[in-house]
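So the structure is just underneath, and the comments pick up after that.
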Amino acid sequence: MLNASFIGRVYPARGTYLVGREKVREFARAVRADSPVSLDVAAARAAGYQDLVAPVTFPIALAMKAAEVVIMDPELGLDYSAVVHGEQGFSFARPLVAGDELEIVVTIENIRSAAGNDMITVRADAATLDGERVVTATMLLVARGTAA
Amino acid sequence: MSVSRSEVTVGMELPSKTFSITRADLVTYAGASGDFNVIHWNERVAVSVGLPNVIAHGMFTMGLAINVVTDWAGGPEFVTDYSCRFTRPVVVPDDEVGASIEVSASVLEVTEEGTAIVSLSAVCEGQTVLGKARAVVRLA
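So the protein lines, in turn, are chains A and B.
The first sequence begins at 1 in the numbering used here and counts up by one.
The second sequence begins at 149 in the numbering used here and counts up by one.
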């Protein structure tokens with residue numbers, strides 16, 4: 001059973017995540033997001049953006065990486081081998097664009113157990129170095145059978 | 149181009165899409181997303197943890213499904229929120245055909261603030277694989 005006293009714990013940003021143009025393209029191709037603003041810089045600029053616009057689910061790449069600090073926190077003791085992804089949400093303050101350099105703060109929003117599973121809700125807030133909020137990714141991770 | 153408010157009515161269906169995914173697509177998604185969890189490419193490990201076979205990343209299905217909304221909305225920049233539950237795994241056999249995911253979507257609500265709330269459905273082998281999938285689209 002996970003320690004509920006971890007609810008509300010905030011993990012400050014560790015370094016930054018720079019959204020790369022080719023990473024945006026690679027991700028867009030992988031999920032078949034064929035909108036020109038995600039593939040063609042000229043199209044993105046014509047639409048008013050500095051560079052390629054990331055596909056909607058692109059922030060999972062930075063959120064998962066940032067959430068490792070929780071997943072691997074030895075004090076929390078989450079059994080990663082038993083973890084499955086239960087739910088995912090994204091909320092954008094503005095589109096994510098190649099060239100954005102982000103700091104990601106991770107917060108444990110909730111911990112509970114049900115039907116023998118540990119469930120932890122982790123929120124990753126990505127903001128620019130100037131403090132402009134860009135996107136929040138919220139994930140529910142379920143550790144199957146570990147709450148006994 | 150974004151969708152104008154006057155074109156949107158509650159209950160309207162968005163054009164649906166079917167996505168075929170093979171093992172190669174899972175490997176491509178793993179590389180693009182950085183999610184190299186073994187159950188998405190190694191049958192031996194997937195079976196050893198009780199899965200019927202290799203399964204697709206839930207995030208891959210979520211990422212494919214939103215295309216139905218972004219195609220309609222005019223691009224990814226018009227989607228401000230997107231969330232879902234991962235209710236059932238998409239099993240991807242080791243063949244040329246792979247798995248097939250049918251995605252449909254309809255408008256649930258048009259808000260005062262000028263957004264459309266869209267409900268998505270993703271079905272594989274007759275079973276829904278995403279639960280409570282919702283996207284918010286900014287309208288012109």
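For each residue, glycine too, the CB sits at the ideal point set by N, CA and C.
Predicted model, so just to flag it, every value in this text is computed and none were measured.
- DSSP, read as helix, strand or coil, puts Glu191 (chain B) in helix.
- With respect to the 9 Å criterion, Val97 (chain A) and Val31 (chain A) are not classified as neighbours on the basis of their beta carbons.
- When the beta-carbon positions are compared, Val70 (chain A) and Leu76 (chain A) come within less than 9 Å of each other.
- Just measuring C-alpha positions, the residue of A:Ala33, A:Leu39, A:Gly89 and A:Asp100 sitting nearest Leu278 (chain B) is A:Gly89.
- When 9 Å is used as the limit between beta carbons, Ser91 (chain A) is near these residues of chain B: Thr228, Asp229, Tyr230, Ser231 and Val284, in chain order.
- Contact annotation for Val106 (chain A) against chain B: no contact, minimum CB-CB distance about 16 Å [criterion: below 8 Å].
- Taking the CA atoms as reference points, Val37 (chain A) sits about 17 Å from Leu212 (chain B).
- Taking a Cβ-Cβ cut-off of 7 Å, the neighbours of Asn215 (chain B) in chain A comprise Arg32 and Ala33, given in sequence order.
- If you draw a straight line from the Cα of Leu39 (chain A) to the Cα of Asp100 (chain A), it is about 16 Å long.
- In the DSSP assignment, Thr128 (chain A) is bridged to A:Leu102.
- DSSP lists no beta-bridge partner residue for Met72 (chain A).
- Under the criterion of beta carbons closer than 8 Å, Ala44 (chain A) and Val53 (chain A) qualify as touching, at roughly 6 Å.
- For Thr176 (chain B), the closest Cβ of chain A is nearer than 9 Å.
- Residue contact check for Leu256 (chain B) against chain A: no CB pair falls below 9 Å.
- Put simply, the CB of Val53 (chain A) is near chain B, with a gap under 9 Å to one of its CB atoms.
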